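Residue numbers (UniProt numbering): 1 to 604. For glycine and all other residues, C-beta sits at the position ideal for the given N, C-alpha and C. Since the structure is predicted, the reported quantities are computational estimates derived from the model, not experimental observations. Presented below is the structure to which this report refers.
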DNA sequence: CATTTTTTCCCT
DNA sequence: AGGGAAAAA
């Protein structure tokens with residue numbers, strides 16, 4: 001029962017941003033609409049278009065003005081602007097409305113994007129089986145079967161009815177849990193509509209990739225089931241790029257390498273053939289997928305791992321003075337701060353790492369990080385600006401910033417629960433009594449001191465609930481993310497491209513840019529108080545990595561403990577990796593991939 | 001000059 | 001840590 005007897009749904013809100021705006025202004029329901037960011041440049045760029053407008057050929061990415069030409073009745077909603085920057089808060093809040101409903105009804109919900117959720121229904125279906133119920137076509141008002149195109153509702157009913165009959169008479173009842181899954185999804189979608197006002201579509205299948213794929217087959221306001229027996233037929237008509245993870249360069253490479261354009265054509269390739277070109281992990285993943293097998297679990301995570309704000313400054317609008325850069329640091333810092341504060345209140349956690357990203361007019365992107373010691377707009381803005389100063393090539397006497405910045409972003413991540421994970425770990429580990437030296441340095445992550453009163457309470461209650469066991473992920477379905485291009489024959493001479501040599505990388509790297517203003521106080525030299533010595537392994541660990549590092553030790557201990565008692569039956573995973581032992585796996589992968597990448601000749 | 005703004009995950 | 005791919009509205 002481990003193989004793939006799960007039932008997974010992918011729920012996707014229909015043209016979500018448009019629905020959010022229409023909920024606020026219902027008079028636009030039923031009319032062709034879209035949501036655009038900004039408006040001065042050709043009426044803004046559309047990031048969402050509803051189905052009424054799509055009938056006129058309006059597409060995402062178009063300009064508001066262009067949409068008007070195609071569809072004179074088209075209405076453009078504009079994303080809220082704060083300090084001259086698009087602000088997506090309204091949609092994040094609406095997203096939270098949706099997830100409140102999903103989470104209230106199901107335990108295993110994974111937020112896949114602002115408007116998409118995976119739900120693992122397997123257990124709910126088992127429960128449902130205990131009290132049998134008689135389902136009729138009326139329980140499936142918006143359900144379709146993948147692989148069958150129906151023009152009319154009567155046709156749809158005929159198909160679905162036949163399928164329901166088949167499932168009942170099927171002795172093994174292999175498909176019956178998909179029936180129940182579709183039934184549950186009809187119900188949850190109705191509930192979402194009732195409680196949020198939003199319509200959605202859904203796909204129901206035995207794994208995430210298939211659920212995601214078939215969700216797109218009937219939209220909007222419909223759901224589609226993909227049964228095991230229909231997979232071959234569906235894959236014969238599924239372009240490679242339609243598969244999640246293969247929509248970009250990876251998919252192009254697969255098509256080129258194996259001379260295929262749809263998924264079905266990949267069936268004729270052996271596991272070895274796929275692995276030879278794609279590596280052990282990717283080859284295995286694809287081999288199984290083509291046969292309808294994919295084991296990536298639905299993880300129950302609702303919270304963002306990072307919060308960021310960024311803005312493009314294209315062409316003439318690029319940030320070419322220190323004042324502009326300073327000022328936008330302030331604006332972005334303000335947005336990040338506001339969202340971070342809200343997140344702290346709601347989720348009792350704090351971000352520990354601030355990351356500044358910027359793209360220069362030379363089209364080079366850099367990202368640099370520094371620890372967050374204190375939540376404040378000015379701290380974020382100052383830290384960001386101090387980092388950016390390092391990359392300004394103009395003399396400090398000038399107010400010119402060069403090369404000018406065409407994209408600037410500030411983000412925060414590495415969240416740490418205010419209910420400190422370290423104290424939890426300590427409570428459960430053997431030597432409880434020496435946790436004090438972990439956070440002792442002044443310059444490290446001492447935000448705790450401000451919150452002492454509330455922390456005291458929390459520590460008491462901790463003993464009550466044991467920490468959720470570390471999820472040791474099984475053969476995590478890997479995607480194809482290992483393809484890069486190296487075709488920078490461009491005229492842009494690769495600047496100072498003297499790789500930050502392997503040695504003292506950070507120091508040497510910055511030293512190249514500190515011609516003026518070497519008073520970069522918050523990014524200290526190598527007399528590093530950013531490092532803390534781990535008491536468990538005696539290795540120097542970056543301060544902001546310490547909590548994770550601690551978790552690592554903790555998880556390891558737990559695992560040791562568990563291995564004493566239970567024996568792990570080696571992951572039962574299907575007909576996967578036969579030969580190929582662990583012996584040179586790494587070398588093998590790298591080798592084939594390198595050859596693979598370098599081989600690519602045509603790339604204009 | 002111009003889809004833009006996010007977010008996550010993988011590779012090195 | 002930092003760069004980049006992929007995906008979504």
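For this session: Could you give the DSSP three-state label for residue 309: helix, strand or coil?
Result: As a position in the first chain, residue 309 is number 309, starting the count at 1. In this structure, residue 309 counts as strand in the three-state DSSP scheme.
Problem set entry | residue 300 to residue 108 span [Cα, whole Å] | Translated into positions along the first chain, residue 300 becomes position 300. Translated into positions along the first chain, residue 108 becomes position 108. Rounded to the nearest angstrom, the two C-alpha atoms are 5 Å apart.
Exercise. Rounded to a whole number of angstroms, what is the C-alpha to C-alpha distance between residue 126 and residue 217?
Worked result: Taking the first residue of the first chain as 1, we reach residue 126 at position 126. Taking the first residue of the first chain as 1, we reach residue 217 at position 217. One C-alpha to the other measures close to 27 Å.
For this session: Between the Cα of residue 6 and those of 21, 223, 298, spot the shortest distance and give me the residue it belongs to.
Result: Translated into positions along the first chain, residue 6 becomes position 6. Residue 6 has its Cα closest to that of 298, out of 21, 223, 298.
For this session: Could you name the residues of the same chain whose beta carbon sits closer than 7 Å to that of residue 237, not counting the 5 residues immediately before and after it, in chain order?
Result: Stepping through the first chain from its first residue, residue 237 is reached at position 237. Correct list, in chain order: 262.
Exercise. Helix, strand or coil: which one does DSSP assign to residue 377?
Worked result: In the first chain, residue 377 corresponds to position 377, counting from 1. If DSSP states are grouped into helix, strand and coil, residue 377 belongs with the helices.
Exercise. DSSP three-state call for residue 426: helix, strand or coil?
Worked result: The residue labelled residue 426 in the question sits at position 426 within the first chain. Note that residue 426 scores a pLDDT of 49, beneath 50, so its modelled location is shaky and nothing firm can be said.
For this session: Please say whether residue 407 and residue 311 have beta carbons closer to each other than 9 Å?
Result: Locating residue 311 in the first chain gives position 311, where the first residue counts as 1. Locating residue 407 in the first chain gives position 407, where the first residue counts as 1. Yes, the Cβ-Cβ distance between residue 311 and residue 407 is below 9 Å.
Problem set entry | Continuous beta strand (DSSP E) assignments of at least 3 residues falling wholly in the region 126 to 163 | 143 to 145
For this session: Check each candidate in 304, 188, 75 and name the one with the smallest Cα separation from residue 56.
Result: For the purposes of this step, residue 56 is taken as residue 56 along the first chain, with counting starting at 1. Measuring from the Cα of residue 56, the nearest candidate turns out to be 75.
For this session: Evaluate residue 79 with the Cβ neighbour count: other Cβ atoms within 10 Å of its Cβ, from every protein chain shown; 16 or more gives buried, anything less gives exposed.
Result: Reading the first chain from its first residue, position 79 is the one you call residue 79. Classification of residue 79: buried, given that the 10 Å Cβ count is 16 or more.
For this session: Can you give me the Cβ contacts of residue 147 inside the same chain, cut-off strictly under 6 Å, excluding the 5 residues immediately before and after it?
Result: The residue labelled residue 147 in the question sits at position 147 within the first chain. Within the same chain, residue 147 has close Cβ partners 230, 233, 234.
Exercise. DSSP beta-bridge partners for residue 81?
Worked result: Counting from 1 along the first chain, the entry for residue 81 is found at position 81. Beta-bridge partners of residue 81 (DSSP): 86.
For this session: Taking the CB atoms as reference points, tell me whether residue 334 and residue 83 lie closer together than 9 Å.
Result: For this step, residue 334 is matched to residue 334 along the first chain. For this step, residue 83 is matched to residue 83 along the first chain. A contact, by the Cβ cut-off of 9 Å.
For this session: Could you give the DSSP three-state label for residue 226: helix, strand or coil?
Result: The residue given as residue 226 occupies position 226 in the first chain. Three-state result, residue 226: coil.
Problem set entry | Inter-residue Cα distance where the pair is residue 87 and residue 339 | Taking the first residue of the first chain as position 1, residue 87 is located at position 87. Taking the first residue of the first chain as position 1, residue 339 is located at position 339. Using only the alpha carbons, I get a separation of about 11 Å.
For this session: Taking residue 321 as the reference, give the member of 345, 289, 360 with the closest Cα.
Result: For the purposes of this step, residue 321 is taken as residue 321 along the first chain, with counting starting at 1. Nearest of 345, 289, 360 to residue 321, Cα basis: 360.
Exercise. Nearest-angstrom Cα distance between residue 19 and residue 85?
Worked result: In the first chain, the residue the question calls residue 19 occupies position 19. In the first chain, the residue the question calls residue 85 occupies position 85. When rounded, the distance between both Cα atoms is 22 Å.
For this session: Could you tell me whether the Cβ atoms of residue 306 and residue 405 are closer together than 9 Å?
Result: Here residue 306 is taken as the residue at index 306 of the first chain, counted from 1. Here residue 405 is taken as the residue at index 405 of the first chain, counted from 1. Not a contact, by the Cβ cut-off of 9 Å.
Exercise. Going by DSSP, what residues sit across from residue 110 in a beta bridge?
Worked result: As a working note, residue 110 is residue 110 in the first chain. Residue 110 is bridged to 118.
For this session: Inspect the beta-carbon positions of residue 398 and residue 350 and report whether they are closer than 9 Å.
Result: For the purposes of this step, residue 398 is identified with residue 398 of the first chain, where counting begins at 1. For the purposes of this step, residue 350 is identified with residue 350 of the first chain, where counting begins at 1. Their beta carbons are not under 9 Å apart, which means residue 398 does not touch residue 350 by this criterion.
For this session: Determine the burial state of residue 41: buried for a count of at least 16 other Cβ atoms within 10 Å of its Cβ, exposed for fewer.
Result: Position 41 of the first chain holds residue 41. With fewer than 16 other Cβ atoms inside 10 Å of its own Cβ, residue 41 counts as exposed.
For this session: Inspect the beta-carbon positions of residue 77 and residue 118 and report whether they are closer than 9 Å.
Result: Here residue 77 is taken as the residue at index 77 of the first chain, counted from 1. Here residue 118 is taken as the residue at index 118 of the first chain, counted from 1. No, they are not a contact pair.
Exercise. Counting Cβ pairs, one atom from each stretch, are 3 or more of them under 8 Å apart for the region 57 to 68 and the region 24 to 43?
Worked result: yes
Problem set entry | Residue from 362, 346, 205, 385 whose Cα sits closest to the Cα of residue 355 | The residue you call residue 355 lines up with position 355 of the first chain. Ranking the options by Cα distance to residue 355, first place goes to 385.
Exercise. Which first and last residues belong to the beta strand (DSSP E) in which residue 350 is found?
Worked result: Position 350 of the first chain, counted from the first residue, corresponds to residue 350. Here the beta strand (DSSP E) through residue 350 covers 349 to 360.
Exercise. Where does residue 561 sit, in a helix, a strand or coil, going by DSSP?
Worked result: Locating residue 561 in the first chain gives position 561, where the first residue counts as 1. Confidence at residue 561 is low in this model, with a pLDDT of 39, below 50, so the placement of that residue is unreliable and no value is reported for it.
Exercise. Does DSSP put residue 15 in a helix, a strand or coil?
Worked result: Within the first chain, the letter at position 15 stands for residue 15. It is coil, neither helix nor strand.
For this session: For residue 274, I'd like the list of residues in its chain whose CB is within less than 7 Å of its CB, leaving aside the five on either flank, ordered along the chain.
Result: For the purposes of this step, residue 274 is taken as the residue at position 274 of the first chain. Exclusion of the five residues before and after residue 274 leaves 283, 286, 287 as the residues of its chain whose Cβ lies within less than 7 Å of its Cβ.
Problem set entry | Simplified DSSP assignment, three categories, for residue 293 | Numbered from its first residue, the first chain carries residue 293 at position 293. Looking at residue 293 - three-state DSSP - the assignment turns out to be coil, as it is neither helix nor strand.
For this session: Select from 393, 412, 365 the residue whose C-alpha is nearest the C-alpha of residue 372.
Result: Sequence index remark: in the first chain, residue 372 carries index 372 (1-based). The shortest Cα separation from residue 372 among 393, 412, 365 belongs to 412.
Problem set entry | Which residues DSSP lists as bridging residue 415, in chain order | Taking the first chain and counting its residues from 1, one reaches residue 415 at position 415. According to DSSP, which records beta bridges pairwise, residue 415 is partnered with 351.
For this session: Please state whether DSSP places residue 207 in a helix, a strand or coil.
Result: Position 207 of the first chain, counted from the start, is the residue given in the question as residue 207. Correct three-state label for residue 207: coil.
For this session: Could you spell out where the alpha helix (DSSP H) holding residue 253 opens and where it closes?
Result: Translated into the one-based positions of the first chain, residue 253 becomes position 253. First-last of the alpha helix (DSSP H) with residue 253: 249 to 258.
Problem set entry | Through-space distance from residue 211 to residue 619, alpha-carbon basis | What the structure shows of the chain is the stretch from 1 to 604, and residue 619 is not part of that stretch, so it cannot be assessed.
For this session: For residue 128, collect the residues of the same chain with a Cβ closer than 6 Å to its Cβ; drop the 5 residues on either side in sequence, then sort them by chain order.
Result: Numbered from its first residue, the first chain carries residue 128 at position 128. Result list for residue 128: 180, in chain order.
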